[in-house]
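Visitor: FYI, the numbering for the sequence shown is 2 to 289, going by my numbering.
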Amino acid sequence: MDTAKPSFDSQIYSCTPAGLAAQLRTSEAPLVIDVRKSDAFLASGYTVPGALRRDPGELGSWARTLPEAQSVLVYCVHGHEVSRNAMHFLRERGINASYLQGGIEAWHQQGFPVDGKAAGSTTRWITRERPKIDRIACPWLVRRFVDAQAQFLYVPVAELRAVALDRNAIPYDVSKDVAETRFTHEGERCSFDAFIKNFNLKTDIALSRLADIVRAADTDRLDLAAQAAGLLAVSLGMSRRHADDHAMLEAMIPVYDALYAWCRDVTHGQDEKHNWKPLEGMAERVAK
């Protein structure tokens, strides 16, 4: 990444912790991105709630993947060179970016909420064993959009609360009498929807379309999306083939990659049809 200082007044494109807290309570909240260097990120025991993790050394790669028409706020440890250079890079590419004054340390010191993570580790998540749909779809979303190095634990429900506390892991897709969590079913919405809401990814239309498919398959409302029956069948079949939950997760990651790629094509008007036609004269020969 270019470490040269921005050629404009960085303060114009900054936000105070109080300003960010106010924005996060509105429908116009920015996409918050943690751009601390890897050693600082791993050493820390907390993140700003709803923040995506991105390596500042790979700006050129992930900047292209940001949702269109989405404002972005980046933060580093103290709001100095790392986040300011990231903001400068993004703005040069037409992205409405700002950075957090004072970084995450100012946010934390001023008493704003943080999400805990295991110090010395990346984010860690925990749920019930024997996943089928939601408990596979959510890790896929986390890996692809939130934290590519995230760790996932699958445990018996009776052990979940204790293991979550011991491993400093964030529970998901569990009832709130098992463990307190923001990442679970709410009304007709499933845990996958909760992840999209918490990480402010709703502007990604393709991801929203995938959420319809996941919700339909996970809640047995196959009428909601034509693709849901296929996802359900593949998920159940893959679960029978893999007794190990992490093997099941790894096997299903490419399935969700493919579904998301299809959703992106559809939302960009490239809904390819597969119209097979018999070879000329074949129907007549078969009839004879």
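The beta-carbon is built from N, C-alpha and C at its ideal position, and this holds for glycine as well.
With DSSP collapsed to three states, give me the class of residue 173.
Guide: Coil at residue 173, not helix or strand.
Visitor: In the DSSP output, what is residue 125 paired with across the bridge?
Guide: 152, per the DSSP bridge assignment.
Visitor: Can you give me the start and stop residues for the beta strand (DSSP E) that residue 34 sits inside?
Guide: Counting along the chain, the beta strand (DSSP E) containing residue 34 begins and ends at 32–35.
Visitor: With DSSP as the reference, label residue 190 as helix, strand or coil.
Guide: Correct three-state label for residue 190: strand.
Visitor: What is the rounded straight-line gap between the Cα of residue 89 and the Cα of residue 13?
Guide: If you take the alpha carbons of residue 89 and residue 13, they lie about 11 Å apart.
Visitor: With DSSP as the reference, identify every bridge partner of residue 99, one or two as the case may be.
Guide: According to DSSP, residue 99 bridges with 74.
Visitor: Tell me which residue opens and which closes the alpha helix (DSSP H) that residue 248 is part of.
Guide: Run containing residue 248: 246–268, per the alpha helix (DSSP H) assignment.
Visitor: Between residue 292 and residue 126, how many whole angstroms is the CB-CB distance? I'm expecting something under 8 Å.
Guide: Look at the range of the chain in this structure, 2 to 289, and you will see that residue 292 is not part of it.
Visitor: By the three-class DSSP mapping on this structure, what secondary structure does residue 66 have?
Guide: Looking at residue 66 - three-state DSSP - the assignment turns out to be helix.
Visitor: Taking all protein chains shown into account, do 16 or more other C-beta atoms lie within 10 angstroms of the C-beta of residue 8, making it buried, or fewer, making it exposed?
Guide: Note that residue 8 scores 44 on pLDDT, short of 50, meaning its location in the model is unreliable and no value can be drawn from it.
Visitor: State the beta-bridge partners of residue 222 as determined by DSSP.
Guide: Residue 222 is not bridged to any residue.
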